[in-house]
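In the working numbering, each residue's number is its place in the sequence shown (first place is 1) plus 41.
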Amino acid sequence: STSVTVGTSYAASVAASGGALPYVYSVSSGVLPAGLSLNTATGSINGSPTNTTSQTFSITATDANACSAVRSYTLTPVCPTITITPASLTRGTVGVAYSQTLTASGGTSPYTFAITTGTLPAGLTISTAGVISGTPTASASPATSLTIRATDNFGCQGTQVVTLQICPVISLATLNSTLTVSTAYSSSSAAAGGTSPYTYAVTNGVLPAGLTLNTTTGAVTGTPTSTTSRTFTITATDANSCAGSRVFTIAPVCPAITVNPTSLINGTVGIAYSQTITATGGTAPHSFTVTSGTLPAGLTLTTAGLLSGTPTASNGAGTSITITATDANGCAGVRPYTLKICPVISLGAITTGGSVGTAYSQTITATGGATPYTFAITSGTIPAGLTLNTSTGAITGTPTAPNSGTITVTATDVNGCPGTRNYTFGITCPAITVTPSTLPVGLAGTAYTTTNFTSTGGTAPHIYTITSGTLPAGMTFTTAGALSGTPTAGNGAGTSLTITSTDAFGCTGTRVVTLK
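Spelled out as structure tokens, the structure:
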């Protein structure tokens, strides 16, 4: 066979015929290709060629009778096909240690590697063993084209055109880690360092529920719907397929949810109760539950927030409960309350009649609640001169003016539970009698016998006035009730006078007299 490859085992045989066995074979002219040898006994040519030098040679076969024959041959060894791998090199990144090992096959090791065209990016070298390594100091993007040559042990060569891309460092902006469930969020992981445009993708993990990544701009937007913390990686790939990644951890927090009102109205045993609980903040609808404590007997709370029912028993200082409002996204707000169910507190009757200037004393009593009670006038005005003792409920004093008004008294027990009752007063003036009823007769020109008016009833001192009629000329009347003087003329049948006595509190009594 004339097909012979350098570094590859070769076997062929020349066989003689026509003579007498055995034959002896020899190279009678020329030489065999380097690496091959002739078996003189069998005529076989074996070995592994070590170069591509073509050789022409003659082999003589001599038989047992010394008879011989000659034949000429030409063998031209060829190099094997040497393949270099890999056909494409891994990307490198500026500032990051790089290492890529080239291997060759098809020839005879060891191989020696070299770059025959093109230049390695700054910071990289290639060893004769085929290791490209170093730390790139500048980007090569788009890629650099290189021709790599591998030379085997026998000088046979193979080449491979490869591209080596050194990417720049691509960085991503920090995402805002402050975000609230049910509140619109927007933050950008915009890339820098590479060649725009960039394409963005979540390459590991998932975004918080409700958020999406814009693959063109790198913006993360949306409205979070859960507080579940998420760790994810966003990768930005530039126009040259260079990539940069960043790991983010985002933990949405719940918005502040406020339960209203700040306090609950008190209820009363046997009286229908209704209080609406609402919530602000978060995402409607809200669901309401009692998460601590127990509602007083007879009351229930709906998930819509209506606290209602008819209480069946009082609870002293009140029951502590906590109401929780949970929004559509599972976020919650709480409010502690004290819900008081009051007993029915009754106030006793009192005598409300009285007289101006006469001492008054009545005590209002309360029953049904827990002592002690505190009493207060919560509507109307108590008659002048009277006061309410807030501790005992006693109304005492001396009325100083008539009064027919109504007041509301509230008794509040030790637990703050109230009871009320209206009281209508009838404070009247006392009867005031003015004396004398008849006056002495006077004479014109003669001094009149002084007459002093007096009063019974009412509260001294009394003030006297003539409220009807006119004194005869020459006569005078004092506020102390003294009628005196010297009439200057007669008045026939007499003059009618109305004498009014006004006591210290303004109560009055009158007397009609005739002065003749």
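From the three backbone atoms N, C-alpha and C, an ideal C-beta is built for every residue, glycine too.
Hey, out of V455, T415 and L429, whose CA is closest to I448's CA? Taking the first residue of the sequence shown as 1, we reach residue 448 at position 407. Minimum Cα distance to I448 is reached at L429.
Just verifying my parser: in three-state terms, what is the DSSP assignment at C120? Your numbering for residue 120 matches position 79 in the sequence shown. In this structure, C120 counts as coil in the three-state DSSP scheme.
At the level of alpha carbons, what is the spacing between T134 and F98? Along the sequence shown, one-based indexing puts residue 134 at 93. Along the sequence shown, one-based indexing puts residue 98 at 57. So the two alpha carbons sit approximately 58 Å from each other.
Is the Cβ of F273 closer than 8 Å to any Cβ of chain B? Absent here is chain B; the protein component of the structure consists of one chain.
Kindly list the residues whose CB is nearer than 6 Å to the CB of G85, restricted to its own chain and excluding five residues on each side of it in sequence; keep chain order. Numbered from 1 along the sequence shown, position 44 holds the residue referred to as residue 85. The residue asked about is misnamed: residue 85 is Ser in this sequence, not Gly. Excluding positions up to five away in sequence, the list reads S54.
Same chain, Cβ closer than 7 Å to V247, neighbours up to 5 away in sequence not counted: Against the sequence shown, residue 247 aligns to sequence position 206. R271 and F273, listed in sequence order.
For the beta strand (DSSP E) containing R462, name the first residue and the last one. Numbered from 1 along the sequence shown, position 421 holds the residue referred to as residue 462. Taken as a continuous stretch (DSSP letters only), the beta strand (DSSP E) holding R462 covers P459 to T465.
Going by other Cβ atoms of all chains shown within 10 Å of its Cβ, with 16 needed for buried, is N245 buried or exposed? Here residue 245 corresponds to residue number 204 of the sequence shown, with the count starting at 1. Classification of N245: exposed, given that the 10 Å Cβ count is below 16.
Please report the distance separating the alpha-carbon of N307 from that of T461. Here the question's residue 307 lines up with position 266 in the sequence shown. Here the question's residue 461 lines up with position 420 in the sequence shown. So the two alpha carbons sit approximately 15 Å from each other.
Report the three-state DSSP secondary structure of V482 (helix, strand or coil). Position 441 of the sequence shown, counted from the first residue, corresponds to residue 482. Reduced to three states, the DSSP call for V482 is coil.
Cut-off 7 Å between Cβ atoms - residues of its own chain near I540, not counting five sequence neighbours on either side: Here residue 540 is taken as the residue at index 499 of the sequence shown, counted from 1. Same-chain partners within the cutoff: V475, F494, Y505, I507, T551, R552 and V554.
What residue does the beta strand (DSSP E) around G394 start on, and which one ends it? Here residue 394 refers to the residue found at position 353 of the sequence shown. Where G394 is concerned, the enclosing beta strand (DSSP E) stretches over G394 to S396.
Distance check for L340 and I312, CA to CA, integer angstroms please. Position 271 of the sequence shown, counted from the first residue, corresponds to residue 312. Position 299 of the sequence shown, counted from the first residue, corresponds to residue 340. Taking the straight line joining both Cα atoms gives about 11 Å.
Check whether T176 and A138 have beta carbons under 8 Å apart: Against the sequence shown, residue 176 aligns to sequence position 135. Against the sequence shown, residue 138 aligns to sequence position 97. Result yes, Cβ atoms of T176 and A138 sit closer than 8 Å.
Do A325 and I211 have their C-beta atoms closer together than 8 Å? The residue you call residue 325 lines up with position 284 of the sequence shown. The residue you call residue 211 lines up with position 170 of the sequence shown. No, they are not a contact pair.
Would you report the Cα separation of G498 and L427, rounded to the nearest angstrom? In the sequence shown, residue 498 corresponds to position 457, counting from 1. In the sequence shown, residue 427 corresponds to position 386, counting from 1. Going by the C-alpha atoms only, they are around 21 Å apart.
Pick out the complete alpha helix (DSSP H) segments inside the segment 381-464, 4 residues or longer, and give them in chain order. Here no run is fully enclosed.
Contained beta strand (DSSP E) runs [length at least 3] in the segment 75-154, N- to C-terminal order: 77-79, 85-88, 96-103, 109-116, 124-126, 139-142 and 144-146
Quick test of your reading: T360 and L380, contact by CB under 8 Å. State the CB separation rounded to the nearest angstrom. In the sequence shown, residue 360 corresponds to position 319, counting from 1. In the sequence shown, residue 380 corresponds to position 339, counting from 1. Correct: roughly 5 Å between the Cβ atoms.
Is it a yes or a no for the segment 173-189 touching the segment 92-110, going by three-plus beta-carbon pairs under 8 Å? A contact between stretches requires three or more CB pairs, one per stretch, nearer than 8 Å, and the segment 173-189 fails this requirement with the segment 92-110.
Tell me the rounded alpha-carbon separation between Y489 and I468. By one-based count along the sequence shown, residue 489 stands at place 448. By one-based count along the sequence shown, residue 468 stands at place 427. Using only the alpha carbons, I get a separation of about 41 Å.
Can you grab the Cα-Cα spacing for the pair S223 / T353, in whole Å? Translated into positions along the sequence shown, residue 223 becomes position 182. Translated into positions along the sequence shown, residue 353 becomes position 312. Those two C-alpha atoms are separated by around 41 Å.
Using only CA atoms, which one of I386, C108, I362 and V385 lies nearest to R376? Walking along the sequence shown from the start, residue 376 turns up at place 335. The candidate whose alpha carbon is nearest that of R376 is I362.
What does the Cβ neighbour count give for R112, buried or exposed, with the cut at 16 atoms within 10 Å? Along the sequence shown, read from residue 1 onward, the residue named residue 112 stands at position 71. Residue burial annotation: R112 is exposed, with fewer than 16 other C-beta atoms found within 10 angstroms of its C-beta.
What does the Cβ neighbour count give for T404, buried or exposed, with the cut at 16 atoms within 10 Å? Counting from 1 along the sequence shown, the entry for residue 404 is found at position 363. With fewer than 16 other Cβ atoms within 10 Å, it is exposed.
Measure the Cβ-Cβ separation of P296 and G263 and say whether it is below 8 Å. Position 255 of the sequence shown, counting from 1, holds the residue named residue 296. Position 222 of the sequence shown, counting from 1, holds the residue named residue 263. No; because the gap between Cβ atoms is not below 8 Å, this pair is not in contact.
Kindly indicate the opening and closing residues of the beta strand (DSSP E) around C208. Reading the sequence shown from its first residue, position 167 is the one you call residue 208. That run of the beta strand (DSSP E) goes Q198 to C208.
What do you reckon, are the CB atoms on L336 and T317 nearer than 8 Å? One-based indexing of the sequence shown puts residue 336 at position 295. One-based indexing of the sequence shown puts residue 317 at position 276. Cβ atoms of L336 and T317: not closer than 8 Å.
Take every Cβ of the segment 215-230, pair it with every Cβ of the segment 141-150, and state whether three or more of those distances are shorter than 8 Å. no
For N370, count neighbouring Cβ atoms within 10 angstroms of its own Cβ and tell me buried if that reaches 16, exposed if not. Counting from 1 along the sequence shown, the entry for residue 370 is found at position 329. Buried: at least 16 other Cβ atoms inside 10 Å.
Less than 8 Å between C-beta atoms, sequence neighbours within five positions excluded: which residues of the same chain meet that for G446? As a first step, residue 446 is located in the sequence shown; it is residue number 405 there, counting from the start. Excluding sequence positions up to five before and after G446, its CB lies within less than 8 Å of the CB of G421, T422, P424, T465 and F466, all in the same chain and listed in chain order.
Does the segment 404-415 come into contact with the segment 449-456, if we say contact requires no fewer than three beta-carbon pairs (one atom in each stretch) closer than 8 Å? The segment 404-415 vs the segment 449-456: in contact.
Extent of the continuous beta strand (DSSP E) run through A184: Here residue 184 refers to the residue found at position 143 when the sequence shown is read from its first residue. Secondary structure note for A184: its beta strand (DSSP E) is the uninterrupted segment A181 to T192.
Consult DSSP for F329 and reduce its assignment to one of helix, strand or coil. For this step, residue 329 is matched to residue 288 along the sequence shown. Of the three classes helix, strand and coil, the one that applies to F329 here is strand, per DSSP.
For G357 versus V300, is the C-beta distance shorter than 8 Å? Counted from its first residue, the sequence shown places residue 357 at position 316. Counted from its first residue, the sequence shown places residue 300 at position 259. Their beta carbons are not under 8 Å apart, which means G357 does not touch V300 by this criterion.
Quick check: the Cα distance between N217 and S228, rounded to an integer number of angstroms? On the sequence shown, position 176 is the one that residue 217 refers to. On the sequence shown, position 187 is the one that residue 228 refers to. For N217 and S228, the gap between their C-alpha atoms comes out near 6 Å.
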